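Numbers 1 to 372, taken from the numbering used here, label the letters of the sequence shown in order.
Below is one structure, written out as structure tokens; the observations come after it.
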Amino acid sequence: MKRIGVIGGGQLAWMMASAAKELGIELVIQTPHPTDVAVGLAAEKVFAEVDDVAATAILATKCDVITFENEFVDLDGLGKIDAVFLPPLKALAPLLDKYTQRCYLRDLDLPVPNFALLTQPELPPGFEFPVVVKARRNGYDGQGTFIIKEKSALADLYYRYPDTLFLIEEFVDFDRELAVIAARGISGEVITYPILETQQEEQVCRRVFTLEDLPDDLVEMCGSIASKLLISLDAIGVFGIELFATRDGRVLVNEIAPRTHNSGHLTIEACATSQFSQLIRTVAGLPLASTELTCSGAVMVNLLGYEDSQSDCLEKRQEISAIPNAHVHWYGKESRIGRKLGHVTVIADMDVKNARQQCENLARQVATIWYK
Ligand code: ADP
């Protein structure tokens, strides 16, 4: 395999491109934005919207197989063109709409929060406030996810977006949020990365921590959710699985991303094989590689835009880079409030007694520099 097509040209495609290069593989990118960060690393580009199927047909002539960094695609349209997609379109089909995704998971007997379609400006039977209302399609980074505490707010939301189809679900008072990055290769084997803890603020991921000393039953639950899901989907590729760990010891699936995921960025420095390299391996038909943690602990902090500006935040990035074992990844985007502009992964000292404590301190140190 020489060339992989990628639909999307943002930071995920950029990190894929670096991983691909190490494996001697080139990427061809379909993106509407010539300024996207992955464009500079791509062997060839097709400048078009990610749901432009005619453009994807052109992309297909330039590569051996097509994968995704973004799921806002026209699946029916893609089904009509002559190309190999990995993950296969059949594996994406139940996942692109949050409602059909929930139904798919429930029908597989995987644990999910109680959910229903929102078809009127009132709580469906069996729900009570607070609830979470989500746009069925095209939500990301908390856009399209609303925590609703009362009747009037529910009605407001319903009427404010008359053209949006919504799903409503119980508000899960979780103990913590977890993520599992899982890969399935051409041989059918499923491999998972160490379970991670993700921390969101206002529905946006702020930090991700490695975990130590997890109870065996929790590890077992997360692993079996990942295997069951990827096998049932007959998936090939890398999937991000977001989970709620409840206070009474259960694990509920929040969301499945059929691609590499923000929660797995620390695998670049903290694991034997990054999620990006693993994706390239699965798509190129290479054997899966070790997902093992290679350090005592790590934390990833997203660098979110704190102002609308053209600034490249160079001084702050330099200050963060000066933290020992800090690795800054900068996506070169224009700054807008709340936008993911980059991330930093910091690796804990090998001989540290309490790696988690050190990682929490490092996350605070990064945030202090970044948001000061
Ligand atoms: P997105 O696709 O925009 O990332 P998610 O569905 O993953 O949206 O939700 C983003 C965040 O919102 C979650 O990580 C979690 O913190 C919070 N959230 C989502 N659904 C629920 C829920 N049912 N109960 C409690 N919090 C939720």
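Where is the CB? At the ideal position from N, CA and C, for every residue including glycine.
None of these values were measured; they are calculated from a predicted model.
Assigned secondary structure, residue 184 (DSSP; H/G/I helix, E/B strand, else coil): strand
Residue ranges of each beta strand (DSSP E) within the segment 112 to 198, 3 or longer: Listed in chain order, the complete beta strand (DSSP E) runs (minimum 3 residues) inside the segment 112 to 198 are 115 to 118, 131 to 135, 145 to 148, 166 to 170, 176 to 184, 190 to 192.
At least three beta-carbon pairs within less than 8 Å, the segment 272 to 287 to the segment 336 to 350: no
Complete alpha helix (DSSP H) runs within the segment 53 to 117 (minimum length 4 residues, chain order): 53 to 61, 75 to 79, 89 to 92, 98 to 107
Where residue 33 falls, given that 16 or more other Cβ within 10 Å makes a residue buried: exposed
Closer than 8 Å to chain B by CB, residue 218: The chain inventory of the structure shown lacks chain B, comprising one protein chain alone.
Supposed close pair residue 39, residue 58 - CB separation, criterion 8 Å: The pair is not a contact, with the Cβ atoms about 16 Å apart (cut-off 8 Å).
Rounded straight-line distance, which links the Cα of residue 64 to that of residue 244: 37 Å
Beta-carbon gap between residue 4 and residue 20 smaller than 8 Å: yes
Counted within 10 angstroms of its Cβ, other Cβ atoms place residue 158 as buried (16 or more) or exposed: buried
CB-CB length for residue 50 against residue 8, believed under 8 Å: That pair is a contact at about 6 Å.
The ligand ADP heavy atom lying under 7 Å from the CB of residue 373: Outside the shown range of the chain (1 to 372) lies residue 373, about which nothing can therefore be said.
Which listed residue (233, 296, 338) has its alpha carbon closest to that of residue 182: 233
Presumed contact (8 Å Cβ cut-off) between residue 37 and residue 113, rounded CB distance: Contact flag wrong, Cβ pair sits at about 34 Å.
Beta-carbon contacts of residue 60 that lie in its chain and below 7 Å, excluding the five residues immediately before and after: 5, 66, 81, 82, 83, listed in sequence order.
Residue 257 and residue 237 closer than 8 Å at C-beta: no
Span of the beta strand (DSSP E), counted from its first residue to its last, around residue 31: Boundaries of the beta strand (DSSP E) around residue 31: 26 to 31.
Inter-stretch contact at 8 Å, needing at least 3 Cβ pairs: the segment 288 to 298 / the segment 140 to 151: no
Residue 88 Cβ short of 7 Å to the ligand ADP heavy atom set: no
Terminal residues of the alpha helix (DSSP H) in which residue 231 lies: 216 to 233
Same chain, Cβ closer than 8 Å to residue 331, neighbours up to 5 away in sequence not counted: 10, 11, 14, 37, 340, 341, 342
Member of 150, 165, 321 whose CA lies at the smallest distance from the CA of residue 134: 165
Residue 134: CB within 7 Å of a non-hydrogen atom of the ligand ADP: yes
The segment 178 to 192 in contact with the segment 257 to 272 per 3-pair CB rule at 8 Å: yes
Selected residue, minimal CA-CA separation from residue 193, among 124, 270, 91: 270
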